[in-house]
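Student: I am attaching a structure below and will ask some questions about it afterwards.
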Amino acid sequence: MYNDLQIKIDEIAERILTLGGTPIHSFSGYLKVAEIKPVENETNGPKCVGHILDAFKTLLEKERDILEMSGDLNDEGTNAMASDYIREKEKMVWMYSAFLAK
């Protein structure tokens, strides 16, 4: 998961640059705009998985918003990227939800 996230961060930054924008370059910058806040001092495994699941659901909402906006702008590159991320995240939500249901 960690390596996959690094790849996605790079892909998103490249997409932002391709579209003429400037991506955020620092962790502190990410924290300032993040809607998903860090969870500290949680040691209960199922609760940790629940926090991850909540974060995935928040990301899915944002990715669906991006998909809608990119569709409105006929931005096929961003649209394809968002669709791929949504498909992967939906599977992760399903798997983590199944784990917590046991």
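Under my numbering, read the sequence shown as residues 83 to 184, first letter to last. Ideal Cβ positions, reconstructed from N, Cα and C, are used throughout, including at glycine.
1) Whole-angstrom Cβ separation of L141 and S179, contact assumed at under 8 Å?
2) Taking all protein chains shown into account, decide if F138 is buried (16 or more other Cβ within 10 angstroms of its Cβ) or exposed.
3) Let me check understanding here. Comparing Cα to Cα, which of A183, L101, K171 and F181 lies closest to K90?
4) Contact check, E145 vs Y167 under 8 Å by CB: the rounded distance?
5) Which residues in the same chain as F73 place their Cβ atom closer than 8 Å to its Cβ, once the five residues preceding and following it in sequence are excluded?
Tutor: Concretely, from the data shown:
1) Contact doesn't hold; Cβ gap of about 15 Å is too wide.
2) buried
3) K171
4) 5 Å
5) Only positions 83 to 184 of the chain appear in the structure, and residue 73 is not among them; the question remains open.
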